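Below: one structure, written as structure tokens.
2 protein chains.
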Amino acid sequence: LKIAEMLVENQDDLLVPVNQVAHVREDNKLDHALLVLTNVGFSVIPVLDNQSQLKGLISMPAIIRAVTGIKDIHFEKLNEIEVRDIMDTEIASLREPYELEDILHHVVSNAFVSIVNKEGIFQGIITRSGILKGTNRIAHE
Amino acid sequence: LKIAEMLVENQDDLLVPVNQVAHVREDNKLDHALLVLTNVGFSVIPVLDNQSQLKGLISMPAIIRAVTGIKDIHFEKLNEIEVRDIMDTEIASLREPYELEDILHHVVSNAFVSIVNKEGIFQGIITRSGILKGTNRIAHE
Ligand SMILES: Nc1ncnc2c1ncn2[C@@H]1O[C@@H]2COP(=O)(O)O[C@H]3[C@@H](O)[C@H](n4cnc5c(N)ncnc54)O[C@@H]3COP(=O)(O)O[C@H]2[C@H]1O
Ligand SMILES: Nc1ncnc2c1ncn2[C@@H]1O[C@@H]2COP(=O)(O)O[C@H]3[C@@H](O)[C@H](n4cnc5c(N)ncnc54)O[C@@H]3COP(=O)(O)O[C@H]2[C@H]1O
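Going down the list, the protein sequences come from chains A and B. According to the numbering used here, the first sequence is numbered sequentially starting from 1. According to the numbering used here, the second sequence is numbered sequentially starting from 142.
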């Protein structure tokens, strides 16, 4: 896909590596996950297991919904439920080696794409910002 | 900016009109805002005043931070604080008539751009999805 490759420069810089990606563990409780999301400010972050495999995605609306009853939000239940019970398991992800074309396809409907290696170990994410920064530089020439 | 105009087809379809945009009023209390955000699932939404002027942006992390103390989250305080007290007033917005070039500039660092008319009345938003859908169609030809 020549246009795509022309549009996005510096493909090596695209990956936000795992050590820069905010994430939680699937066995964390929701109060911990809520605190992480509140502190980092990202709306959706990956969920990993204890072997660094990608298991799901967690967001604040999902957490609040999990403790919302008919009349009230039951915040005291946050330390009773684990992330794995409510995480979204439908993840936009690609296994290495990936094509830029697949990234572009995913970011049309997903704010970021998760990257795993051949063994399924989480490597990092590629974000819409990363793609748009590369594209905008070309568009301004 | 010829490349930009070539890249994004159907510019008339880009605007998500005001009646399709989830928003809250600046005099709403935080418990109402939290409920709206939980129900619609969007991470950040516009805040309007009673004359439909754009006043700010509200997100869940901002709401949770506003009631988080040293040791605990004080959820009971949600009905004591108004949206206007904590909303983000730094808004990526454009006044009509706007150039596509300005939209492209904004979406590099903002997930959406808010559009207001000459009188400052909120008209709707343009999202990264909208831009990327138009771009991807071209890139696949
Ligand atoms: N702390 C910050 N500093 C500067 N700009 C910020 C920011 N937090 C958010 N933004 C801006 O808001 C966009 C949407 O962020 P959101 O958290 O909803 O959605 C994010 C989040 O769900 C995820 N993400 C990005 N970076 C992450 C990281 N380091 N760790 C975990 N998740 C990340 O990827 C999505 C898309 O990110 P993208 O950069 O394309 O788009 C970001 C970026 O343009
Ligand atoms: N209900 C849903 N159905 C389908 N896809 C969904 C969805 N909710 C979120 N997404 C996907 O996740 C992206 C990030 O959504 P977020 O709510 O963080 O960030 C959103 C949200 O802050 C705002 N936004 C979008 N549509 C909105 C609306 N109708 N009302 C209020 N805010 C909206 O613009 C940002 C960027 O939106 P964008 O569409 O580019 O990107 C969306 C879209 O690709």
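For each residue, glycine too, the CB sits at the ideal point set by N, CA and C. Only a predicted model underlies this, so the values are computations on that prediction, with no experimental measurement involved.
- Not one heavy atom of ligand 2 sits closer than 7 Å to the Cβ of B/Ser193.
- When 9 Å is used as the limit between beta carbons, A/Leu100 is near no residue of chain B, the shortest such separation being about 10 Å.
- Cβ proximity to chain B below 8 Å picks out Ile64, Arg65, Thr68, Ile73 and Phe75 from the stretch 63-79 of chain A.
- Here the alpha carbons of B/Phe263 and B/Ser193 stand approximately 6 Å from one another.
- In the three-state reduction of the DSSP assignment, B/Glu242 falls in the helix class, which pools H, G and I.
- Residues of chain A whose Cβ lies closer than 9 Å to the Cβ of B/Met228 do not exist; the shortest such Cβ separation is about 15 Å.
- A/Thr38 has a beta carbon lying within less than 8 Å of a beta carbon in chain B.
- The beta carbon of A/Asn110 sits closer than 7 Å to at least one heavy atom of ligand 2.
- Legend: CB atoms of the stretch 161-185 of chain B lying less than 9 Å from CB atoms of chain A belong to residues Asp172, Leu175, Leu176, Leu178, Thr179, Asn180, Val181, Gly182, Phe183, Ser184 and Val185.
- Within the same chain, Leu235 come within 7 Å of B/Asp243 by CB-CB distance, once the 5 residues on both sides are set aside.
- Going by DSSP, A/Leu94 is part of the beta strand (DSSP E) stretching over Ser93 to Arg95.
- Using a C-beta cut-off of 8 Å, the stretch 149-163 of chain B makes contact with the stretch 263-273 of chain B, since at least three inter-stretch Cβ pairs fall below that distance.
- With distances taken between CA atoms, A/Ala66 lies nearest to A/Asp85 out of A/Asp85, A/Asn50, A/Gly56 and A/Thr89.
- Under the Cβ criterion of 8 Å, A/Leu132 is counted among the residues facing chain B.
- B/Val165 places its beta carbon 8 Å or farther from that of B/Ile204.
- Note on geometry: alpha-carbon atoms of B/Gln161 and B/Asn180 lie some 14 Å from one another.
- With respect to chain A, the C-beta atom of B/Ser270 has a partner C-beta closer than 8 Å.
- Counting only residues of its own chain and dropping the five nearest sequence neighbours on each side, B/Phe216 has a CB closer than 7 Å to the CB of Val208.
- Closer than 8 Å to the CB of B/Pro187 there is not a single CB belonging to chain A.
- The shortest C-alpha to C-alpha distance from B/Ala163 to any of B/Ile214, B/Ile222 and B/Ser184 is the one to B/Ser184.
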